[in-house]
Amino acid sequence: AQSVTQLDSQVPVFEEAPVELRCNYSSSVSVYLFWYVQYPNQGLQLLLKYLSGSTLVESINGFEAEFNKSQTSFHLRKPSVHISDTAEYFCAVRFISSGTYKYIFGTGTRLKVLA
Amino acid sequence: DTGVSQDPRHKITKRGQNVTFRCDPISEHNRLYWYRQTLGQGPEFLTYFQNEAQLEKSRLLSDRFSAERPKGSFSTLEIQRTEQGDSAMYLCASSLGWGIDFGSGTRLTVV
Numbered sequence: 002a003q004s005v006t007q008l009d010s011q012v013p014v015f016e017e018a019p020v021e022l023r024c025n026y027s028s029s030v031s032v033y034l035f036w037y038v039q040y041p042n043q044g045l046q047l048l049l050k051y052l053s054g055s056t057l058v059e060s061i062n063g064f065e066a067e068f069n070k071s072q073t074s075f076h077l078r079k080p081s082v083h084i085s086d087t088a089e090y091f092c093a094v095r096f097i098s099s100g101t102y103k104y105i106f107g108t109g110t111r112l113k114v115l116a
Numbered sequence: 008d009t010g011v012s013q014d015p016r017h018k019i020t021k022r023g024q025n026v027t028f029r030c031d032p033i034s035e036h037n038r039l040y041w042y043r044q045t046l047g048q049g050p051e052f053l054t055y056f057q058n059e060a061q062l063e064k065s066r067l068l069s070d071r072f073s074a075e076r077p078k079g080s081f082s083t084l085e086i087q088r089t090e091q092g093d094s095a096m097y098l099c100a101s102s103l104g105w106g107i108d109f110g111s112g113t114r115l116t117v118v
């Protein structure tokens, strides 16, 4: 079955430290990959996406994610986090070759940035 | 572009009652999605439409759940004979190409 795994349910990190949030998906078929962010008491917002081309994609607020086809991963990284990055982060995948437009989400990783 | 709109924002209902939620997608988006999210979990896929056609429905979805998108614009999600386990945030999203844009959700509490 198609699935998305976010192994870390919570990640505490000190301000200005680097962070990596892990995402793996179940199949090596063609995929579109996304990270969404949910700030406290807010809705889900698209953070960044991979559709094709360069395997390293960046967001406007300093996050980046790298698509690794052989490891079926799309880990999210930031070299230096801020208090304002505290939020829940969801990885999402659309499995293109299955012919569906369904998006499958992981269970989320709660990032808590400590002062 | 006013974003995806959902109504109501909150709904409290007694077990056994029926409830209906409405979603208005971004106007030019042809695909509309319903997801359910519970505390500590990611959005769980329920169903999606392309225009007025319901193309996929989760196998986990009970027969008590039904969704419609009669004219390919707004959509409704109805839950019949609600149970306490139906308490969750119900999210609507829409899409034209890649990625989906979410609404703020309808929080359902079944008492």
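From first to last, the protein sequence lines are chains A and B. If you want this note's numbering, it's the 1-based position in the first sequence plus 1. If you want this note's numbering, it's the 1-based position in the second sequence plus 7. All C-beta atoms in this analysis are idealised placements derived from N, C-alpha and C, irrespective of residue type, glycine included. Computed from a predicted structure; not experimentally measured.
Hey, quick one: how far does the beta strand (DSSP E) through residue i stretch, first residue to last?
i, result
"B/Ile33", "Where B/Ile33 is concerned, there is no enclosing beta strand (DSSP E), given that its DSSP letter is neither H nor E."
"A/Glu21", "Val20 to Leu22"
"B/Thr45", "Per DSSP, B/Thr45 belongs to no beta strand (DSSP E) and is neither H nor E."
"B/Leu115", "Thr113 to Val117"
"A/Ala66", "Glu65 to Asn69"
"A/Gln84", "Note that residue 84 of chain A is Ile in the sequence shown here, rather than Gln. A/Ile84 -> no beta strand (DSSP E), and no H or E assigned at all."
"A/Tyr51", "Leu45 to Tyr51"
Between which residues of its own chain and residue i is the CB-CB distance below 6 Å, once the five residues before and five after are set aside?
i, result
"A/Glu17", "Ser81"
"A/His83", "none"
"A/Glu21", "His76 and Arg78"
"A/Leu8", "Arg23"
Give every residue of the same chain whose Cβ lies closer than 7 Å to the Cβ of residue i, excluding the five residues on either side of it in the sequence, and list them in chain order.
i, result
"B/Phe52", "Tyr42 and Ser65"
"B/Ser80", "none"
"A/Val114", "Val14, Glu16, Val82, His83, Ile84, Asp86 and Thr87"
Per the DSSP calculation, residue i is bridged to which residue(s)?
i, result
"A/Ser28", "BP columns for A/Ser28 are empty, so no partner."
"B/Leu98", "B/Tyr42"
"B/Ala74", "B/Leu84"
"A/Glu59", "A/Glu65"
"B/Thr9", "According to DSSP, B/Thr9 bridges with nothing at all."
"A/Ser74", "A/Asn25 and A/Asn69"
"B/Thr20", "B/Val117"
"A/Pro41", "Bridge partners of A/Pro41: none, in fact."
"A/Tyr33", "A/Arg95"
"A/Arg111", "A/Gln11 and A/Glu89"
Quick one, are the C-beta atoms of residue i and residue j less than 8 Å apart?
i, j, result
"B/Gly110", "B/Ala95", "no"
"B/Asn25", "B/Ile107", "no"
"A/Ala93", "A/Tyr104", "yes"
"A/Gln46", "A/Val58", "no"
"B/Leu115", "B/Lys18", "yes"
"B/Gln48", "A/Thr6", "no"
"A/Ala66", "A/Leu77", "yes"
"B/Leu39", "B/Phe56", "yes"
"A/Val30", "A/Leu112", "no"
Name, please, each residue of chain D whose Cβ falls closer than 7 Å to the Cβ of residue i.
i, result
"A/Thr108", "Absent from the structure: chain D. Protein chains present are A and B."
Ordered along the chain, which non-local residues of its own chain (more than five positions away) have a Cβ less than 8 Å from that of residue i?
i, result
"A/Tyr33", "Lys50, Tyr51, Leu52, Val94, Arg95 and Ile97"
Using a Cβ-Cβ cut-off of less than 9 Å, list which residues of the region 73-99 of chain B approach chain A; keep chain order.
-> Leu98
Select from the region 42-65 of chain A all residues with a C-beta closer than 9 Å to any C-beta belonging to chain B, and list them in chain order.
-> Gln43, Gly44, Leu45, Gln46, Leu47, Lys50 and Leu52
Cβ-based contacts, 7 Å cut-off: residues of the region 21-51 of chain B near chain A | Arg38, Gln48, Gly49 and Pro50
Below 8 Å between beta carbons is the criterion; list the residues of the region 101-113 of chain B that meet it against any residue of chain A, in chain order.
-> Ser102, Trp105, Gly106, Ile107, Asp108, Phe109, Gly110, Ser111 and Gly112
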